[in-house]
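Notes for the one structure printed next.
In our numbering, the protein residues as written are 5 to 205.
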């Protein structure tokens with residue numbers, strides 16, 4: 005299984021936002037595109053992928069939305085539909101307690117879980133994106149790798165320090181800085197190529 009964790013520092017954590025103004029809801033347009041690019045291929049859903057989105061914006065942070073490709077029954081991939089799913093998940097989480105989780109639908113769970121608690125669960129399998137990291141083409145990955153990245157502006161310094169404390173490895177996706185929504189595509193492509201070259205591994 006491949007796992008991706010997006011830290012959206014300004015993403016709205018309550019459902020009071022317009023589907024017509026996702027950039028104004030803490031750059032939720034970026035979050036939606038990242039979810040689509042992480043979970044979808046041309047012929048359907050990647051059932052080998054889990055996507056975690058940690059929203060840390062107003063008014064009730066944090067919110068963790070988890071989408072498990074292996075359990076999804078239906079999930080529309082256009083930006084507006086993804087945004088509506090996020091809004092529904094946030095509405096479902098109204099009044100939720102710390103560490104509590106609620107299921108929105110098969111494969112989609114919302115929780116009040118801090119980013120730090122989430123990543124600590126994956127210690128030993130963590131990789132985070134950094135322009136001075138090891139090139140993804142030559143990096144060695146453990147089984148069931150977990151990739152961490154930020155939205156606009158990347159990961160803050162304190163988050164990078166946490167990653168180092170957890171012995172997470174830095175990886176680079178190439179010489180050009182990419183949008184957050186593009187990063188998982190590059191990682192998937194590399195892992196897909198390796199899986200095809202070594203089908204028994």
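By construction, the Cβ of each residue, glycine as well, lies at the ideal position given by its N, Cα and C atoms. Note that the coordinates shown come from a computational prediction; the quantities given were computed from them, not determined experimentally.
Check, Outcome
"Pair within 7 Å by beta-carbon distance, residue 7 and residue 185", "no"
"Residue(s) in a DSSP beta bridge with residue 107", "113"
"Integer-rounded CB distance, given that residue 90 should sit under 8 Å from residue 111", "Incorrect: roughly 14 Å between the Cβ atoms, too far for contact."
"First and last residue of the uninterrupted alpha helix (DSSP H) at residue 97", "First-last for residue 97: undefined, no H or E at that position."
"In chain order, each alpha helix (DSSP H) run of at least 4 residues that lies wholly inside the region 119-180", "119-124, 161-169"
"Residue 187 and residue 145 closer than 7 Å at C-beta", "no"
"Contact between the region 122-142 and the region 165-172 (3+ Cβ pairs under 8 Å)", "yes"
"Three-way DSSP call (helix, strand, coil) for residue 56 in this model", "strand"
"Residue 81 beta carbon less than 7 Å from that of residue 44", "yes"
"Residue 72, DSSP secondary structure in three states", "strand"
"Classification of residue 202 by the beta-carbon crowding that lies within 10 angstroms, buried from 16 upward", "exposed"
"Contact check, residue 30 vs residue 53, beta carbons under 7 Å", "no"
"Between the CA atoms of residue 194 and residue 117 - distance to the nearest angstrom", "30 Å"
"Member of 121, 181, 140, 27 whose CA lies at the smallest distance from the CA of residue 103", "121"
"Local conformation of residue 77 per DSSP, three classes", "coil"
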